[in-house]
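2 protein chains.
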Amino acid sequence: MPVNLSPPDPKSLLPVKGVTLGVAEANIRKPNRKDLLLIRLDDGARVAGVFTQNRFCAAPVVVARQHLTMLDPDATIRALMVNTGCANAGTGKEGIAAARQTCSGIAGLLGCSSAQVLPFSTGVIMEPLPVERIMAGLPACTADLRENNWLAAAQAIMTTDTVAKAVSRRVSIGGADITITGIAKGAGMIHPNMATMLGFVATDAHVSLPLVRAAVAYAAKHSFNCITVDGDTSTNDSFILVATGKAQMPEIDDAKSSGFTAFRDGVTGVAAQLAQAIIRDGEGATKFITIRVEGGRNDDECGRIAYAIAHSPLVKTAFFASDPNLGRILAAVGYAGVADLNVEKVDLYLDDVLVAKSGGRHPAYEEADGQRVMRQSEITVRVVLNRGTASATVWTCDLSHDYVSINADYRS
Amino acid sequence: MPVNLSPPDPKSLLPVKGVTLGVAEANIRKPNRKDLLLIRLDDGARVAGVFTQNRFCAAPVVVARQHLTMLDPDATIRALMVNTGCANAGTGKEGIAAARQTCSGIAGLLGCSSAQVLPFSTGVIMEPLPVERIMAGLPACTADLRENNWLAAAQAIMTTDTVAKAVSRRVSIGGADITITGIAKGAGMIHPNMATMLGFVATDAHVSLPLVRAAVAYAAKHSFNCITVDGDTSTNDSFILVATGKAQMPEIDDAKSSGFTAFRDGVTGVAAQLAQAIIRDGEGATKFITIRVEGGRNDDECGRIAYAIAHSPLVKTAFFASDPNLGRILAAVGYAGVADLNVEKVDLYLDDVLVAKSGGRHPAYEEADGQRVMRQSEITVRVVLNRGTASATVWTCDLSHDYVSINADYRS
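Residue numbers (the numbering used here), protein chains in the order written: chain A, 1 to 412; chain B, 1 to 412.
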């Protein structure tokens, strides 16, 4: 059961001028489900992305990164293709060839070069990509291409997700209204390092390519890079930002302008909402936990501590049980790898409850107060280091029986 | 259900001259169970230890470390006290005072100074130590002191352990037979960093103090520091080696002598058997997994990769399900943080089965072969990096429903 997360209202999802989407049932792994998505972009779109830091990155990540960086300056990306059911990772040179073949197939259908196509895959690792099924499914995708198809697109990229993830918002920039719409998928193998499993955000804003790149990096850092379900960084993480430039507005090309800040924050807001939706729908999740570490010397040490707490199976099972066994949080702070941390300065809050003061249980803390907060479906853990001004926030979920069930049964 | 681990045969446990042990039911957390252990040492024993690297180390760890390093050169450690039910961690200055108070109580009973006593605690974090109950239980411990009491000692330090862990062996050194007997406890919050939850090994060998220290560090590195259940480094990890010097033999005082090597390897053998027993009895464990990473440039990168695999909840649930979803292992290799790893050189074996060759699925690999190995209760994962000669071994267990149940219910 996802935590306070409903399927998106179709009416809330706004089309983005210059973007059409089509889906198909290609029977890639299982029958009778949408498992293939084609996103077609009008000529001139500016596209930037960030990808997994996993050394075993998937073949489509290798190819997409190449196409984004080696594209002829006069050409632009014309299509994104996403398949579920097979990650095309750990597949060696055959996997790269398979990803290229799907790009060529799409180039033939849309009349562009294969370097103008970005491939994405998600699903089981170390199994060969069923290229023929994808090829056979592509004509149905092109026949289905339309502007108002974001919900179907979000559904087509789901794997163990139980709820489709899609978000739109409008942002006003210097009198022009722009639209930002995004979709994402992911529920397990979630500890993105540059991006999530898959996230795609499109806007009709008119923004220079360097600033599209700056915005995607900033948004990833403040959204998908702040979440973890199980600490497993996927082989296929990709987060792509498309700016079609179709809105009636002057081009944003100054990183210091208020227009760029508004654009960047709008994109980041959509990305953060999608990233949080991934945690709310985390495998087996029953609680949505915000971990905030404050008063550190630098961002890095705050992040280490936040992730140590977020990854601790003992902390996560205590949340599942609504058990205020909060010493486990202090233990995780202690082993996070901050070598000179003075634990006698550390304070711990659970929502508004001061649990530990100066490294030890606060005299006024009563277990009933901790119990009250632990029963909630949304909880904030706040650790105050009292040694500086840096901070970090991580969003995570608890560890439940269903996480084990889902991942013990994933392939069957 | 522990994995291929039986309770120790009482007859197999050999007394160590100069060491007596006594246990009691002190009602520290729960009634009707042995929860207090006193180990008395004859004058002249050489004692060394290694402790948790957790910054939130427990009060008894602080005090034991002080007593070991600040002891008057003419005095020796005379007693070790262990309580379960309360870790006395995250308890601030009151916790330190409480640990010192128990040392004084024992010093009064045994007629030594409190600096000659080492305190150890294990149990729930961030709750005050019930000093009065410990004080009230100590006379029963001293009344119970005897040489042939190792099994009761192993039972008295159990928490979520389902099987007591105790091992003896005899080693012949230059014609003299020495005895090494050890006990340990631990099943969860297991990712020791210098030592396990609690391990105590005693021998009657006659060894200089610097070499006792060298042996305990070496043994920890090759035993307790090679295991992980859940990646949570405890606040209370302690591993103590006692050499009473009661055996009829010349003192071992040369680190390059064959006698020291035999002694060190004997201690390491006992420690490794205890460490592996902790994994076999890991919370919810159904499988014992050995992860061996070979062909690395240095030990550090091999260890990082081995621990990334051992900590991955996705890998651990696949083992629980006996599902050869082995791409998850490649993903963990990829995100282990070895920045320049060339994945196209990586081979993966499951026992004797070559699963992946040169970074991709081996053409001859058949899922039936992977399935056969995954069904076993003992499995070796071997990752060959093909870039050097270093290696690392980590022992771990799978992640099952019972791990979640045990840790969701631990305090109740």
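Glycine residues also receive a C-beta, built at the ideal position from the N, C-alpha and C atoms.
Check	Outcome
Selection of the region 26-55 of chain A by Cβ proximity to chain B, strictly under 9 angstroms	T52, Q53, N54 and R55
Distance CB(B:L41)-CB(B:A79) smaller than 8 angstroms	yes
CB contact below 8 angstroms: A:M194 versus chain B	For A:M194, the predicted model reports a pLDDT of 48, less than 50, meaning its position is unreliable and no value from the coordinates is stated.
Whole-angstrom distance between A:N149 and A:L14, CA atom to CA atom	9 angstroms
Where the region 320-331 of chain A meets chain B: residues whose CB sits under 8 angstroms from a CB there	F320, A321, D323, N325, L326, G327, R328, L330 and A331
Cβ-based neighbour list, B:L38, same chain, cut-off 6 angstroms, excluding 5 preceding and 5 following	G22, M81 and C141
Min CB distance B:M126 to chain A below 8 angstroms	yes
Whole-Å CB distance - A:T268 paired with A:S223, under 8 angstroms assumed	6 angstroms
C-alpha gap between B:L350 and B:A272, whole angstroms	23 angstroms
Three-state class that DSSP yields for A:R65 in the structure shown	helix
Interface partners of A:M135 on chain B, CB under 9 angstroms	Residues of chain B passing the Cβ test: none, with the nearest at roughly 22 angstroms.
CB contact below 8 angstroms: B:C226 versus chain A	no
Between the CA atoms of A:G295 and B:G295 - distance to the nearest angstrom	42 angstroms
Any chain A beta carbon closer than 8 angstroms to B:T418	Nothing can be reported for residue 418 of chain B, as the shown portion of chain B is limited to 1 through 412.
Within chain E, partners of B:P313 - CB distance below 8 angstroms	Judged by its chain identifiers, the structure shown contains no chain E, and its protein chains are A and B.
Residue nearest to A:A219 in terms of C-alpha spacing, selected from A:R65, A:D161 and A:G266	A:G266
Outcome for B:E132 when other beta-carbon atoms lying within 10 angstroms are tallied against a minimum of 16	exposed
Nearest-angstrom Cβ-Cβ length linking B:N298 and B:D347, presumed shorter than 8 angstroms	With 8 angstroms as the limit, B:N298 and B:D347 do not qualify as a contact, their Cβ atoms being about 19 angstroms apart.
Three-way DSSP call (helix, strand, coil) for A:L399 in this model	coil
Test: A:M189 CB closer than 8 angstroms to a CB of chain B	yes
Chain-ordered neighbours of A:R361 on chain B, where CB pairs are closer than 8 angstroms	G90, T91, G92, M126, E127 and P128
Inter-residue spacing [alpha-carbon to alpha-carbon] between A:A368 and A:L326	13 angstroms
Closer than 8 angstroms to chain A by CB, B:S358	yes
Whole-number beta carbon distance between A:T52 and A:N225, since they are thought to touch under 8 angstroms	The Cβ separation is near 11 angstroms, so there is no contact.
Beta carbon proximity, A:Y307 to chain B, threshold 8 angstroms	no
A:V384: contacting residues in chain B (beta-carbon distance under 9 angstroms)	Correct list: empty, because the minimum Cβ distance to chain B is about 15 angstroms.
Residues of its chain near B:R375, where Cβ-Cβ distance is below 6 angstroms and the 5 sequence neighbours each way are ignored	S322
Segment contact flag, the region 196-213 of chain A with the region 90-104 of chain A, C-beta cutoff 8 angstroms, min 3 pairs	no
6 angstroms CB neighbourhood of A:A318 in its chain, flanking five on each side removed	N325 and R328
Within chain B, partners of A:T317 - CB distance below 8 angstroms	Y403, V404, N407 and A408
Rounded straight-line distance, which links the Cα of A:R292 to that of A:D352	13 angstroms
Euclidean distance between Cα positions of B:A136 and A:K316	36 angstroms
Any chain A beta carbon closer than 8 angstroms to B:V216	no
Residue burial classification, A:T181 (beta-carbon count within 10 angstroms, cutoff 16)	buried
Segment contact, 8 angstroms Cβ cut-off, at least three pairs: the region 166-178 of chain A with the region 57-66 of chain A	no
Delimiting residues of the beta strand (DSSP E) encompassing A:P119	V117 to V124
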